[in-house]
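Undergrad: Residue numbers (mature numbering (1 follows the signal peptide of the UniProt record, and there is no 0)): -20 to -1, 1 to 319. Note that CB positions come from ideal geometry on N, CA and C, so glycine has one too. Structure in structure tokens, see below.
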């Protein structure tokens, strides 16, 4: 009988061990800084949860398409995407409404990150400011309007409207023209009038870095997350503080609807939002923290979108505004700008 009991206990132990090894969380993330994320976030979490993380990367369009294509049987449990992309997925009924009581670190986030698209379909994990990088030995940028000034004709790059930076730049150009930045039709037409003076409409920040280091471009809007590439250049680049302020955006965490792996996804999301992890990610200059408890040195902060004063001052474009108008904006852009 003792042998039977021992054998039964051993089987239970093996089954429990096998179950732990079989715990897998599949996440969909941006492709940058994966080595840093593995060291700071993925490996430590796997030790904590006794589980396996499957990490899928790619651009936003591809990753969103995969979530939509597998709606009836999700292959992605949790994803990080731009706030407007999250809202688009939520409107298609592809996201789970989060039970925020399972996110112990939610209250530590800046208020704008706690429910960024409404109805608890997402939670923000990083902010980014957008401003203008320029050659400080050649020019001085005081306003977003300077990008279309004839003095800079032939020396400016602008982001394509289909990229994250595109609508933000147009919003700030519209504000510089004395408007409120909500209706972009007029400013798209204005950019169209200056299209021949623009070196390129870039799609990736890496493309812009190359152009500016080759001295083909001396001023361009860029997200703060790409600033380190310019700051470390031997050329004298500066980060503008325009009169109209800086634009801003947020990347968020979402959970797919009906993935069946919700508890593990909540555990991972909450760990990522913790002060410990958010601090390490910030110190590695990977992402700017949405956790308001994070404290970093002035040197680190200079490379990030950091601190309540800056975050609360950012000009944010509503995710709903982007989604509701994107198709019309792109059509107008293609007609009047990309001729």
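Does the count of Cβ pairs from the region 273 to 282 and the region 147 to 156 closer than 8 angstroms reach three?
TA: As far as the Cβ criterion goes, the region 273 to 282 does not touch the region 147 to 156, which means the pair count is below three.
Undergrad: With 16 other CB atoms within 10 Å as the buried threshold, where does residue 64 fall?
TA: In the chain shown, residue 64 corresponds to position 84, counting from 1. With 16 or more Cβ atoms within 10 Å of its Cβ, residue 64 is classed as buried.
Undergrad: Counting pairs of beta carbons, one from the region 103 to 122 and one from the region 77 to 90, are three or more of them closer than 8 angstroms?
TA: Segments in contact, yes.
Undergrad: Quick one: give me the first and last residue of the beta strand (DSSP E) that residue 108 is part of.
TA: As a working mapping, residue 108 is identified with position 128 in the chain shown. Residue 108 -> beta strand (DSSP E) spans 103 to 115.
Undergrad: Just the C-alpha distance for residue 270 and residue 296, rounded to the nearest angstrom, thanks.
TA: For the purposes of this step, residue 270 is taken as residue 290 along the chain shown, with counting starting at 1. For the purposes of this step, residue 296 is taken as residue 316 along the chain shown, with counting starting at 1. Rounded to the nearest angstrom, the two C-alpha atoms are 15 angstroms apart.
Undergrad: Count the other C-beta atoms from every protein chain shown that fall within 10 angstroms of the C-beta of residue 204, then say buried if there are 16 or more, exposed otherwise.
TA: Mapped onto the chain shown, residue 204 falls at position 224. Buried, by the Cβ-count rule.
Undergrad: Assign residue 224 to buried or exposed, taking buried as 16 or more other Cβ atoms, counted over all protein chains shown, within 10 Å of its Cβ.
TA: For the purposes of this step, residue 224 is taken as residue 244 along the chain shown, with counting starting at 1. So residue 224 ends up on the buried side.
Undergrad: Taking residue 248 as the reference, give the member of 11, 12, 26 and 14 with the closest Cα.
TA: Here residue 248 refers to the residue found at position 268 when the chain shown is read from its first residue. The option with the nearest alpha carbon to residue 248 is 26.
Undergrad: Quick one: is residue 110 buried, meaning 16 or more other Cβ sit within 10 Å of its Cβ, or exposed?
TA: Translated into the one-based positions of the chain shown, residue 110 becomes position 130. Under this definition residue 110 is a buried residue.
Undergrad: Near residue 83, which residues of its chain fall below 6 angstroms by C-beta distance, leaving aside the five closest residues on each side in sequence?
TA: Counting from 1 along the chain shown, the entry for residue 83 is found at position 103. Cβ neighbours of residue 83 beyond the five flanking positions: 250.
Undergrad: Report all residues from its chain with a CB closer than 7 angstroms to the CB of residue 272; omit the five preceding and five following residues, and keep chain order.
TA: Numbered from its first residue, the chain shown carries residue 272 at position 292. Cβ neighbours of residue 272 beyond the five flanking positions: 88, 89, 90 and 288.
Undergrad: Where are the beta strand (DSSP E) runs, 3 residues long or more, that stay fully inside the region 39 to 96, in chain order?
TA: As far as the region 39 to 96 is concerned, its whole beta strand (DSSP E) runs of at least 3 residues are 58 to 62.
Undergrad: In the DSSP assignment, what are the bridge partners of residue 229?
TA: Locating residue 229 in the chain shown gives position 249, counting from the first residue. For residue 229, which the question treats as bridged, DSSP gives the partners 108.
Undergrad: Start and end of the alpha helix (DSSP H) containing residue 37?
TA: Numbered from its first residue, the chain shown carries residue 37 at position 57. Counting along the chain, residue 37 falls outside any alpha helix (DSSP H), though it belongs to the beta strand (DSSP E) covering 32 to 37.
Undergrad: For residue 292, name the three-state secondary structure that DSSP assigns.
TA: The residue given as residue 292 occupies position 312 in the chain shown. Residue 292: helix per DSSP, three-state reduction.
Undergrad: Quick one: what does DSSP say residue 20 is sitting in, helix, strand or coil?
TA: The count along the chain shown starts at 1 and reaches residue 20 at position 40. DSSP places residue 20 in helix when its eight states are reduced to three.
Undergrad: Kindly indicate the opening and closing residues of the beta strand (DSSP E) around residue 136.
TA: Looking up residue 136 in the chain shown gives position 156. Unbroken beta strand (DSSP E) run through residue 136: 136 to 139.
Undergrad: Cutting at 8 angstroms between CB atoms, please list the residues of its own chain near residue 207, excluding the five before and the five after it.
TA: Reading the chain shown from its first residue, position 227 is the one you call residue 207. So the list reads 113, 219 and 283, once near-sequence residues are dropped.
Undergrad: For the region 186 to 239, list the beta strand (DSSP E) runs that are entirely contained and at least 3 residues long, ordered along the chain.
TA: You should have 199 to 203, 217 to 219 and 227 to 235.
Undergrad: Helix, strand or coil, according to DSSP, for residue 6 in the structure here?
TA: Position 26 of the chain shown, counting from 1, holds the residue named residue 6. Looking at residue 6 - three-state DSSP - the assignment turns out to be strand.
Undergrad: Is residue 25 helix, strand or coil when you go by DSSP?
TA: Position 45 of the chain shown, counted from the start, is the residue given in the question as residue 25. Looking at residue 25 - three-state DSSP - the assignment turns out to be helix.
Undergrad: With a CB to CB cut of under 6 angstroms and the five nearest residues on each side skipped, what residues in its chain are close to residue 299?
TA: Locating residue 299 in the chain shown gives position 319, counting from the first residue. Excluding residues within five positions, the ones whose Cβ falls inside 6 angstroms are 63, 64, 67 and 97.
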